[in-house]
Amino acid sequence: MFIALENLFNGGIKSVPLSYEFDFSDHEFGGVFPFTTPVKLEGEITNTAGIVTVSAKISFVLETCCDRCAANVKLPFEVEMEHGLVASLNDEENDDYILVEGMKLDIEELTSEDIYLALPGKILCKEDCKGVCMTCGADLNEGTCDCRKEIDPRWAGLFD
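Reminder that position 135 of the sequence shown reads as 135 in the working numbering, one-by-one numbering, no gaps.
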């Protein structure tokens with residue numbers, strides 16, 4: 001979804017409100033498609049003294065599996081988005097600003113990028129998830145298993 005920003009950059013208007021819902025059900029993360037509900041974006045794009053910024057809050061629910069125990073997880077997230085926008089760059093290697101080519105901003109792509117950058121490296125059902133037994137596969141969050149841990153034969157004498 002593109003937002004025309006020519007009037008904003010030229011000073012014709014001071015702000016553009018943002019209120020969108022995106023369907024990211026076809027976006028993959030970690031081998032699954034975790035966006036089963038719409039991603040919501042609320043905020044605005046403003047021109048304050050010639051500086052154009054986009055400020056918004058992204059809200060969504062991630063439905064996936066715990067990385068330790070494989071339990072189903074539904075985690076609500078809120079991501080703050082704040083970026084400076086420019087119509088042209090003097091230094092092409094400058095990462096401080098987003099170049100808005102043709103005075104049009106792809107707000108859906110920017111939202112998607114911010115979500116993926118904000119997601120944690122590991123998704124856990126709870127902070128202290130114990131995972132599963134490496135031998136029998138029992139969920140260690142529900143209790144201990146009866147497996148006996150194999151001892152490295154070099155250390156066996158210490159456990160007799």
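The beta-carbon is built from N, C-alpha and C at its ideal position, and this holds for glycine as well.
C-alpha distance - residue i paired with residue j, whole-angstrom precision
i	j	result
SER55	GLU80	8 Å
VAL61	ASP146	36 Å
VAL132	PHE35	26 Å
ALA118	ARG154	44 Å
PHE77	GLU113	15 Å
MET37	VAL86	In the sequence as displayed, the identity of residue 37 is Thr instead of Met. Cα to Cα, the separation comes out at about 32 Å.
Backbone secondary structure at residue i - three-state DSSP
i	result
GLU101	helix
THR144	coil
PHE159	helix
ASN10	coil
ALA71	coil
ASP139	strand
ILE123	coil
ILE151	coil
LEU117	helix
Residue i burial status per 10 Å Cβ neighbour count (16 or more: buried)
i	result
ASN47	buried
ARG148	exposed
GLY137	exposed
ALA12	For clarity, residue 12 is Gly in the given sequence; the question names Ala instead. Exposed, by the Cβ-count rule.
ILE51	exposed
GLY162	Not covered by the structure: residue 162. The range shown for the chain is 1 to 160.
GLY43	buried
LEU41	buried
Exercise. Using 8 Å as the threshold, is the region 119-126 in touch with the region 5-20, meaning 3 or more CB pairs across them?
Worked result: no
Problem set entry | Touching by the beta-carbon criterion (3+ pairs, under 8 Å), the region 20-35 and the region 64-84 | Result yes; three or more Cβ-Cβ pairs closer than 8 Å.
Exercise. Where in the region 2-52 do unbroken runs of the alpha helix (DSSP H), each at least 4 residues long, occur, reported from the N-terminal end onward?
Worked result: Segments of the alpha helix (DSSP H) lying fully in the region 2-52: 6-9.
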